[in-house]
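Peer 1: Following this message is one structure expressed as structure tokens.
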Amino acid sequence: QNEEKWDFVLVSDIHEMGSEKEIKRKKFLDELGKKGFTIKKIEDTKLFYGVRAPQHVFRKYQCLLGNPDRRLQSQNSPQDVPVTTRIRIVNFILQNTVTADFEKLQDLMKQKVFKAAFPLHEKEEVREFLEQKWACWSSVFRQQPIEMIRCYFGEKVALYFAWLGWYTCLLGVAALAGVVTFVAGITLFNSSQVSREICEANNTIMCPLCDKCPFWVLSDTCTYAKVTHMIDNEATVVFAMFMAIWATVFLELWKRKRATVVTDWDLYGWDEEEEELAMQLINNLQHDPRPYQHSYFRSTIVLLLVFLMIVVLIGIAHALVIYRVIATALFSKSSLELLHEHADTVAVVTGAVLHYLTIVIMTKVMSHAGGPAALLPSPEKPRTFSQRENNFTVKIFTFQFLINFSSLIYIAFFLGRINGRPGHYVRIAGRWRLEECHPSGCITDLFIQMAIIMLLKQTISNVMEYFIPWIRHKLRRKHSPPKKRSVMLGEEEEAEDPCRRQWLSNYELNEVNTFSLFNEFLEMMIQYSFTTIFVAAFPFAPLLAFLNNLLEIHMDAKKMMRLHRRMVPRKAKDIGIWLQVLEAIGILAVIGNGLVIAITSDFIPVQVYKYMYSHCARENHTSLDCSTGYINHSLSVFHIRNFEPDTLPEFYGEDIKECRYRDYRNADDYTYTVQFWHIFAARLAFLILFEHVALCVKLIAAWYIPDVPQKVKNHLLHRKYSDLHKELSMMEYSTEV
1 QNEEKWDFVL VSDIHEMGSE KEIKRKKFLD ELGKKGFTIK KIEDTKLFYG VRAPQHVFRK
61 YQCLLGNPDR RLQSQNSPQD VPVTTRIRIV NFILQNTVTA DFEKLQDLMK QKVFKAAFPL
121 HEKEEVREFL EQKWACWSSV FRQQPIEMIR CYFGEKVALY FAWLGWYTCL LGVAALAGVV
181 TFVAGITLFN SSQVSREICE ANNTIMCPLC DKCPFWVLSD TCTYAKVTHM IDNEATVVFA
241 MFMAIWATVF LELWKRKRAT VVTDWDLYGW DEEEEELAMQ LINNLQHDPR PYQHSYFRST
301 IVLLLVFLMI VVLIGIAHAL VIYRVIATAL FSKSSLELLH EHADTVAVVT GAVLHYLTIV
361 IMTKVMSHAG GPAALLPSPE KPRTFSQREN NFTVKIFTFQ FLINFSSLIY IAFFLGRING
421 RPGHYVRIAG RWRLEECHPS GCITDLFIQM AIIMLLKQTI SNVMEYFIPW IRHKLRRKHS
481 PPKKRSVMLG EEEEAEDPCR RQWLSNYELN EVNTFSLFNE FLEMMIQYSF TTIFVAAFPF
541 APLLAFLNNL LEIHMDAKKM MRLHRRMVPR KAKDIGIWLQ VLEAIGILAV IGNGLVIAIT
601 SDFIPVQVYK YMYSHCAREN HTSLDCSTGY INHSLSVFHI RNFEPDTLPE FYGEDIKECR
661 YRDYRNADDY TYTVQFWHIF AARLAFLILF EHVALCVKLI AAWYIPDVPQ KVKNHLLHRK
721 YSDLHKELSM MEYSTEV
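Note that the sequence shown covers residues 1 to 737 in UniProt numbering.
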């Protein structure tokens, strides 16, 4: 039974005898044979080569590294190496075996000498348990079998699912806080003084929203104002502060969780570089370790290419802005009443959908042939797999972050602030006016944009993420040619070989690559960014992320177990550079939410009005709400005669001499009023105060919650003591003898 277990399978097309590809394939297999590998050939629609490494390879590994997998070994056969370790070592040797032509397996696969190389999904007890108890919808609310996942997929995959489970668990707390914040906003739907003033402003004539568009009455946007103040209120400020603290607590608790897990796995002191050096020596005793290298020239090239990449992404963001501007102008002139009356909102919604499509397209472009990361050299030539992955992660995450957030940053911080004023509008190509904010603020636009992108990403994208591999797998099985019996002399018995069906069914599964797990992490990091950075504008973000992740865990499990070939197990003691990414997102979340409340929200202007300009500032006791009169105070007056030529509607009432617009300007020369500078100073002061308080709380939380539990520290201390005590006892015993 043991003889029929194979570490790896290589797949090749059936090439003509004597052809260049057939010769190269034979040279590579001969090199493996020289290293003592057992190779089994099965001919079907393709050529399959089962590869099994000799036992001395694994004995060398145990000798060099002091048997690092002793906790995973069977009690019945302690000399056996775990399957995950066998696969990892064999994969390393396969990838680093060099032919006489100085070609490696990767080069041969590019030349189509080999079609695929993969470890097998085998019929073993661990796999059956995972399929029945983990990769099924009935286990959505069960605790994940992390130890079993580790035994089958290795530590790196197990840590991903441990992190994802922990993140989802704590998202439940954030989701509850978001729902409470939204419910608190609903109570203000009809009671907000600011929105009530807008609804009662039947005589307030507003300036046209586009050229040739009609004047409009402020009370026409009553519902929009109520929705805005349902999102934009005092509870939002508290929720933003809570999420800044939540992000820190989540990270600190994960560090503790991770320390406990890797200690249980006996990996706390594991060194990836040492293991890779050991495997290089096992593969080739004459191998010289690659030294560390750094190039300032390459660093300069990286900076220039990153700058170019950012310019391209800013260009894409500008294209989305131009679309919204043109769409608003066209919808305003539409004959359809719905488009005509809600031109701004329709432009925001369609712009959000277009932004989502841009994200999907640019992600596909990026993933094709390595995307822009392939164009960005690394200033340091990475020595280990983790270093290569870290360099790749930084480049791709930066690119993805800018794609996803470029439009949101414009809406949050620039929309309605760079558009000019009546009579002196900023125009695109000298023709189309930039958009304006609603008199009650721009936060609803940000809410709509985030809601649409998150909903589309977590419905359409997730459905495609699961069903495209499922459909591809079904099509590969359907179009697989009928089995071909070997007619070569001495190979007739292979037609009934039990390995044939297993190898073929594994080959028909979807291909996995080195960075398959990277894509899963990247998806979660972008989601985490949406959940924390602009959460002040969209309190439902944690709830949507929580519901998504309940399904994501089991969709990923089903893909890995049933739709994809088995991943090469990777050893790891943490989630790598993703932890630094999470910490960076946590800092951006403090800055982003502070800016949203200070700039996007109307929270600061309302507070300035209450305490400096309202009747409450002049009278000690009053029965009126302190924000009474805020809307009238926040709208400036513009004289119709000062409009730019050919921009007014053809027909408007002769009695309209002036209109109102959202800004703080004098009615005579349109310069900024003193109130504008008061609000500007208050925004800046709040931003500095909010960010310093939030960052201080984050630092206090990070100090208060130790990264490593005392239990783990004491365990490591006891182990060191036991090892030293044992060595000293052995030395004294040998001295006595």
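Virtual Cβ for every residue (Gly too), placed ideally from N, Cα, C.
1) Take the Cβ of residue 230 as the centre, count every other Cβ of all protein chains shown within 10 Å, and call the residue buried at 16 or more, exposed below.
2) Starting from the N-terminal side, write out each stretch of the beta strand (DSSP E) that is 3 residues or longer and does not extend beyond the region 437-477.
3) State the DSSP-derived secondary structure class of residue 666, mapped to helix, strand or coil.
4) Run through DSSP, which three-state label would residue 424 get?
5) With DSSP as the reference, please indicate the residues paired to residue 170 in a beta bridge.
6) Please check the pair residue 448 and residue 232, which I expect to be a contact at CB under 8 Å, by giving their CB distance rounded to whole angstroms.
7) Is the region 159-168 in contact with the region 129-147, if contact means three or more CB pairs nearer than 8 Å?
8) Measuring alpha carbon to alpha carbon, tell me which residue in 18, 664, 659 is nearest residue 208.
9) Is residue 276 near residue 572, with beta carbons less than 7 Å apart?
10) Using 7 Å as the threshold, is the C-beta distance between residue 89 and residue 61 below it?
11) Quick check on the DSSP output: the alpha helix (DSSP H) that includes residue 11 runs from which residue to which?
12) I'd like to confirm the pairing. Which residues does DSSP put opposite residue 206 in its beta bridges?
13) If you follow the alpha helix (DSSP H) that residue 285 is part of, which residue opens it and which one closes it?
14) Among the candidates 202, 288, 333, whose CA atom is the shortest distance from the CA of residue 650?
15) From residue 117 to residue 566, what does the alpha carbon distance come to, in whole angstroms?
16) Just reading off the beta strand (DSSP E) that residue 38 is part of, what are its end residues?
17) Which of helix, strand or coil does DSSP assign to residue 578?
18) Could you give the DSSP three-state label for residue 373: helix, strand or coil?
19) Can you say whether residue 536 is buried or exposed, counting buried as having 16 or more other CB atoms within 10 angstroms of its CB?
20) Going straight from the alpha carbon of residue 389 to that of residue 515, what length do you get?
21) Nearest to residue 688 by CA position, among 593, 83, 415, is which residue?
22) Look up residue 703 in the DSSP assignment and give the residues it is bridged to.
23) Could you check what DSSP says for residue 246 in three-state terms: helix, strand or coil?
24) Assign residue 290 to one of two classes, buried (16 or more other C-beta atoms within 10 Å of its C-beta) or exposed (fewer than that).
25) For residue 757 and residue 430, I'd like the C-alpha separation in whole angstroms.
26) Whole angstroms is fine: what's the gap from residue 386's alpha carbon to residue 576's?
27) Should residue 604 and residue 686 be called a contact, given that it needs their Cβ atoms to be closer than 7 Å?
28) How is the alpha helix (DSSP H) around residue 630 delimited, first residue to last?
29) Across which residues does DSSP place residue 116 in a beta bridge pair?
30) Using a threshold of 7 Å, state whether the C-beta atoms of residue 105 and residue 94 are closer than that.
31) Using the DSSP secondary-structure output, state which residues sit across from residue 433 in a beta bridge.
32) Check whether the region 190-202 and the region 398-414 are in contact - that is, three or more C-beta pairs closer than 8 Å.
33) If we ignore side chains and look at the alpha-carbon of each, how far apart do residue 44 and residue 30 end up?
34) For a test of the three-state rule: what should DSSP assign to residue 554, helix, strand or coil?
35) Once DSSP output is grouped into helix, strand and coil, what is the label at residue 342?
36) Within this structure, are the beta carbons of residue 160 and residue 517 separated by less than 7 Å?
Peer 2: Well, looking at it:
1) buried
2) none
3) coil
4) Strand, per DSSP.
5) BP columns for residue 170 are empty, so no partner.
6) Incorrect: roughly 13 Å between the Cβ atoms, too far for contact.
7) yes
8) 659
9) no
10) yes
11) Not the alpha helix (DSSP H): residue 11 falls in the beta strand (DSSP E), residues 8-12.
12) 216, 660
13) Neither: residue 285 is in no alpha helix (DSSP H) and is coded neither H nor E.
14) 333
15) When the Cα atoms are used, residue 117 and residue 566 turn out to be separated by approximately 11 Å.
16) 38-43
17) helix
18) At residue 373 the pLDDT is 47, less than 50, meaning the model places this residue with poor confidence; the figure from the coordinates comes in the next sentence. Looking at residue 373 - three-state DSSP - the assignment turns out to be helix.
19) buried
20) 8 Å
21) 593
22) Its beta-bridge partners do not exist; DSSP assigns none.
23) helix
24) exposed
25) With the chain represented from 1 up to 737, any question about residue 757 goes unanswered, as that position is not in the structure.
26) 8 Å
27) Yes, Cβ-Cβ distance for residue 604 and residue 686 is below 7 Å.
28) 630-634
29) 11
30) yes
31) In DSSP, residue 433 forms a bridge with 427.
32) no
33) 21 Å
34) The answer is helix: DSSP assigns residue 554 an H, G or I state.
35) coil
36) yes
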